[in-house]
Structures are given as C-alpha cells and as structure tokens.
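Novice: Just dropping this structure here.
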Ligand code: 13P
C-alpha cells in the first residue's frame, strides 16, 4: 500500500469509529500529515480532556496516552506502539520519589508530564515545558519545590524563581546530549537542554512556543535545538525560512516508532488500549487538573 492509500484507510476508520488521531510534533511526517490535532504535550493534554470523540488514537509515547486516559477515562485510548516509551519518564520510580519526599518533607512536588501515572499520583501538580515556571509560581507559600524527573527543566526554572528548587537528576537523552560546542550559533532551544546550551539560545520554549518564535518576522534562519520531527511543521508553516538542526543526532527513536501501518493496525484491532487503574487515576488527575487550571 502506498502512503496516500494507507492514510486514506486510516482517515476512513477514524470516522467510522468516532475516533481522533492526536500526534506530537516529534512524530513522523506522514503521521503528522493526517493528525486531527498536532501539538506539544500541553496542547495534547488539553485536547484529550475536551474531545467528544469515543476513541483517542495517540501517536506519541506511553506517558501521553496515559495522561489522556487519566483525563478522559470514559474514552478508549489507543497507543499504536506499546513499546513507545520515554527514557526520561523511566528515570524515577515511585519508591525513589517516596524516598525523596521523605528526605524533603516540606517540599511540594512538581512533576513534569513526561512521567508515569503512578509518579503523577504522588505529586502535587504536573507541568509541561510550556508552563513549568507558572506551575511553581502557582504554588502557595515559599517552601522548597522538588522537581521531577527532568533536572535540566528544574535548573531552567530555578534560574527564574526565588524558591528553592530541588532537581531530580533525570534527563531526556536527546536534549541532554546536545552540547554547547555543537550549538554555538543556536537560536531556539527546548528547556530539556542543559543550561550551557540554553545560555546560547535567543529563545527557550516548548515545541509550540518554538514554532511561534520561528514565525517572528525577524527570524529568517533558525538553528533548532530540539527533536528533529519539529522540522516538518517549521518548513510547512514557513517555507521561505531556513531551519538548521542543532544536531542531526536529535532523533527520538521512541517517537519515531509509530508508523502509518501501526496506526492502521491499532484502529483495525483496537489495540493497544491504555487504561490507568482508578486508584492511580484519581490522584494523578488531581495533579494534571491543577496544571490545566494554569492555562
Ligand atoms: P513539549 O511537547 O512540551 O514541547 O515537550 C517535548 C518533549 O520532550 C515531549 O516529550
């Protein structure tokens, strides 16, 4: 089957099953092309919470489908590739989080959305790269904040607040391994990058925010410090501009696992259903709801 044929079959099945296809900007181009909604982690959560579709097909990674299941328990949430995970989310276990909470009993826990449902359930509020600072500012009092699991995002937020931020030392390998030497001319970077890289950037923001910055009239040529999937959107929205990846190695294999064939099989066989058990979902939803109140 060629690309157009398989895309057509997917769109037909989506309509038949009252389903929507949500996709992250890091997905393959041919998947992005047929998504009902394409966005960053925050936009995707908002969309999952408000859709009236019966089925959500999530072209993303496991924590994204879990978040959709937490926010929309009455929907069937499908993750076409059960093995699409997030190495950053895997850098903390519930046992480790509980031990850290024991070490810092006064700390409020702010959890990046790139985390498991269980971790969210033991947190006070969630955040994405689009609202991490806002989430910290939203917290009452002046006590310390334990930010998990992304240490780079925590240090980026710490630079902008007087509150004591205790970073968990997890990281996204795609962003963390981008070095300052590689991006001496970087102009836009994602806050999962190290502070050394962010110091060189003219703009730091989520993938959606980076797309907005790329549209500014003064931006003609932009070196982009995030996963390469964003290039499809950059180039199609601003064809007259030049976009250069900060590194050709910024490719998330987990995000790229989902092919059109996987999406077709997922919809045909209604697999792989992601469902968060109610005992975890309720406290995790409280943390996600607090985050959604910010936007
Ligand atoms: P945003 O979607 O918030 O830009 O974050 C990108 C990312 O790393 C998702 O895992």
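Numbering (my numbering), first residue to last: 1 to 295.
We put the beta carbon where it would ideally sit given N, CA and C, even for glycine.
1. Can you grab the Cα-Cα spacing for the pair residue 229 / residue 32, in whole Å?
2. Taking 6 Å as the line, does the beta carbon of residue 69 fall inside it for any heavy atom of the ligand 13P?
3. Could you pull out every residue in the same chain whose Cβ sits closer than 7 Å to the Cβ of residue 201, ignoring the five residues on either side in sequence?
4. Considering only the alpha carbon of each residue, which of 197, 38, 234 and 154 lies closest to residue 213?
5. So, for residue 158: in the same chain, excluding its five sequence neighbours on each side, which residues have a beta-carbon less than 6 Å away from its beta-carbon?
6. How long is the line joining the alpha carbons of residue 51 and residue 181, rounded to whole angstroms?
7. From the DSSP secondary-structure annotation, give me the bridge partner or partners of residue 221.
8. Let me check you understand the geometry: is the CB of residue 91 closer than 6 Å to at least one non-hydrogen atom of the ligand 13P?
9. Among 266, 27 and 96, whose alpha-carbon lies nearest the alpha-carbon of residue 253?
10. Could you pull out every residue in the same chain whose Cβ sits closer than 6 Å to the Cβ of residue 124, ignoring the five residues on either side in sequence?
11. For residue 215, which residues from the same chain have a beta carbon less than 8 Å from its beta carbon, with the 5 sequence-adjacent residues on both sides left out?
12. Measure the CB-CB distance between residue 69 and residue 275 and report whether it falls below 7 Å.
13. Would you give the residue range spanned by the beta strand (DSSP E) that residue 78 belongs to?
14. Here's the rule I'm using: 16 or more other beta-carbon atoms within 10 Å means buried, otherwise exposed. How should residue 195 be labelled?
15. Got a sec? Which residues, its chain only, sit under 6 Å from residue 36 by beta carbon, not counting five neighbours each side?
16. What ranges does the alpha helix (DSSP H) occupy inside the stretch 129-201, keeping only unbroken runs of at least 4 residues that lie completely in it?
Specialist: On the basis of the data shown:
1. Between the alpha carbons of residue 229 and residue 32 lies a gap of roughly 9 Å.
2. no
3. 186, 187, 188, 189 and 225
4. Considering only alpha carbons, the answer is 234.
5. 165
6. If you take the alpha carbons of residue 51 and residue 181, they lie about 43 Å apart.
7. Looking at the DSSP output, residue 221 sits in a beta bridge with 242.
8. no
9. 27
10. 108 and 109
11. Excluding sequence neighbours, residue 215 sits near 237 and 238.
12. yes
13. 76-78
14. exposed
15. The beta carbon of residue 36 sits closer than 6 Å to those of 20 and 21, all from its chain and outside the five residues before and after it, given in chain order.
16. 132-138, 151-158, 173-176 and 195-198
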